[in-house]
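Trainee: Please read through the structure below; I'll follow up with questions.
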Amino acid sequence: MFIDTHAHIQMREFDPDRAEALGRAKAVGIGLMIAVGYHLAASRKAVEAAQRYPQVYAGVGIHPHDAGTYDDAAEETLRDLAKQPKVVAIGEAGLDFFRDRAPRAVQADAFRRQIRLARELDLPLIVHDRDAHQETMQLLKEEAAQEVLLHCFSGDLVMAEEAWRRDYYVSIAGPVTYPKNETLREIVRKAKTDRLVLETDCPYLPPQAFRGQRNEPAHLLHTAQEIAGLLGMRLDELGRLTTENARRLFRLPPLEQ
Ligand SMILES: [Zn+2]
């Protein structure tokens with residue numbers, strides 16, 4: 004059994020076949036997933052998906068692309084959404100200096116406020132970091148973030164080691180299967196295994212076998228197979244390990260076998 008810790012199954016890309024996609028995931032052992040919000044409407048839709056589907060939990064947050072929409076009213080909405088059943092995290096929140104869709108100071112402010120919100124609500128924080136590794140780690144430290152998941156990890160080994168020293172969780176996505184991504188494979192080989200979790204980030208970032216197509220939760224299995232090989236583990240051992248890690252972080256109920 005596996006948990007997909009980052010699946011945007013609330014997106015319209017899944018409107019034609021959402022139930023079928025969840026069925027395909029279940030058929031290959033993806034027992035639970037977290038639908039992650041990235042602005043208020045997407046966060047609401049994530050909460051609705053969690054209400055509708057037993058295997059779906061939700062995260063609510065505002066992505067750095069939409070950091071300009073973060074104000075007191077937005078925060079109050081997030082606070083309300085976070086109290087809904089099956090909401091298990093704040094996020095995704097963070098910094099994106101690759102696309103720079105919002106000014107960096109605005110991104111930093113929205114990120115700081117969501118770090119504080121996660122602490123206030125005693126929820127883990129799902130962090131988006133693209134080309135902003137140092138600044139992300141710096142803000143997390145300054146705001147004394149407590150329970151952190153670095154989603155779709157894209158830093159180097161030095162950053163990963165700093166994350167492990169701070170007891171952050173590191174989530175590995177499809178890029179670990181890309182031929183050029185030896186850096187990420189090396190990080191997995193050296194991973195602090197009790198802080199390792201898996202994700203698809205679907206509909207984005209399909210594993211190598213599905214590049215150019217829409218990603219979906221069932222494809223987590225390909226990422227898991229790659230990681231099991233890198234760690235010299237059987238697939239079921241990796242499933243147990245990463246499921247336990249995700250359950251601990253998000254305080255999820257035991258999976259039905
Ligand atoms: Zn995402």
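In our numbering, the protein residues as written are 4 to 260. For each residue, glycine too, the CB sits at the ideal point set by N, CA and C.
Is the closest heavy atom of ligand 1 to the C-beta of residue 60 under 7 Å?
Mentor: No, ligand 1 has no heavy atom inside 7 Å of this Cβ.
Trainee: Find the nearest neighbour of residue 93 within the set 118, 12 and 34, judged by alpha-carbon distance.
Mentor: Comparing Cα positions, the closest option is 118.
Trainee: Looking at the unbroken alpha helix (DSSP H) that takes in residue 76, where does it start and where does it end?
Mentor: It spans 75-85 - the alpha helix (DSSP H) in which residue 76 sits, taken as one unbroken run.
Trainee: In three-state DSSP terms, what is residue 12?
Mentor: Residue 12 falls in the coil class under three-state DSSP.
Trainee: Is residue 9 near ligand 1 - that is, is its Cβ less than 7 Å away from at least one heavy atom of it?
Mentor: Yes, the beta carbon of residue 9 sits closer than 7 Å to at least one heavy atom of ligand 1.
Trainee: Is residue 148 closer than 8 Å to residue 98 when the C-beta atoms are compared?
Mentor: No, the Cβ-Cβ distance between residue 98 and residue 148 is not below 8 Å.
Trainee: Please list, in chain order, all residues of the same chain as residue 260 whose beta carbon is under 6 Å from its beta carbon, the five residues on each side excluded.
Mentor: Annotation note: pLDDT 48 at residue 260 (below 50); position unreliable, coordinate value reported separately. There are no such residues.
Trainee: Can you find the residues in the same chain that come closer than 7 Å, C-beta to C-beta, to residue 71, ignoring five residues on each side of it along the sequence?
Mentor: Same-chain partners within the cutoff: 105 and 109.
Trainee: In its own chain, which residues sit with a C-beta less than 6 Å from the C-beta of residue 73, not counting the 5 before and 5 after it?
Mentor: Around residue 73: 65 and 113.
Trainee: Quick check on the burial criterion: 16 or more other C-beta atoms within 10 angstroms. Buried or exposed for residue 76?
Mentor: Exposed.
Trainee: How close, in whole Å, do the beta carbons of residue 186 and residue 5 come, if the pair is a contact with beta carbons under 8 Å?
Mentor: The pair is not a contact, with the Cβ atoms about 24 Å apart (cut-off 8 Å).
Trainee: According to the neighbour-count rule (16 or more other Cβ atoms, all chains shown, within 10 Å of its Cβ), is residue 177 buried or exposed?
Mentor: With 16 or more other Cβ atoms within 10 Å, it is buried.
Trainee: Compare the C-alpha of residue 101 against each of 78, 132 and 126 and name the closest.
Mentor: Taking only the C-alpha atoms, the option nearest residue 101 is 132.
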